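In the numbering used here, the protein residues as written are 204 to 317. All C-beta atoms in this analysis are idealised placements derived from N, C-alpha and C, irrespective of residue type, glycine included. Source: prediction; values computed, not measured. Remarks on the structure that follows.
This is the structure we're talking about:
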């Protein structure tokens with residue numbers, strides 16, 4: 204659980220950062236400044252990171268034993284809303300620590316390494 208949570212938290216921050224850059228920097232530059240360089244550079248990176256985010260979110264939800272609706276779907280949709288992944292990551296972290304206190308100690312291993 205520790206490793207899955209840590210991987211998810213890192214990717215959630217990466218996805219959120221790239222989505223903010225895409226929506227609030229690259230898209231205005233494309234439509235108001237006629238410069239689409241950042242959109243063509245950031246879009247594929249965000250898309251790839253979001254696919255990784257989806258896989259890690261699903262894996263984390265399965266490890267936590269959450270229902271598919273609404274917990275898992277909400278967790279997976281968090282990366283589609285600018286700044287949403289930051290809130291979803293924090294919510295998931297708090298909920299996992301409440302439900303699985305052993306996840307707070309990184310020295311405790313209750314799963315096979317992936």
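Distance CB(residue 257)-CB(residue 279) smaller than 7 Å
yes
Using 10 angstroms around the beta-carbon of residue 306, count the other beta-carbons present and answer buried if the total reaches 16, otherwise exposed.
buried
Nearest-angstrom Cβ-Cβ length linking residue 285 and residue 226, presumed shorter than 8 Å
5 Å
Alpha-carbon spacing of residue 290 relative to residue 281, whole angstroms:
8 Å
From residue 261 to residue 243, what does the alpha carbon distance come to, in whole angstroms?
28 Å
For residue 245, which three-state DSSP category applies?
helix
Using CA atoms only, rank isn't needed, just tell me which of 264, 259, 232 and 233 is closest to residue 217.
259
Residue 270 lies in the alpha helix (DSSP H); which residues open and close that run?
Where residue 270 is concerned, there is no enclosing alpha helix (DSSP H), given that its DSSP letter is neither H nor E.
What did DSSP end up calling residue 303 once you bin it into helix, strand or coil?
coil
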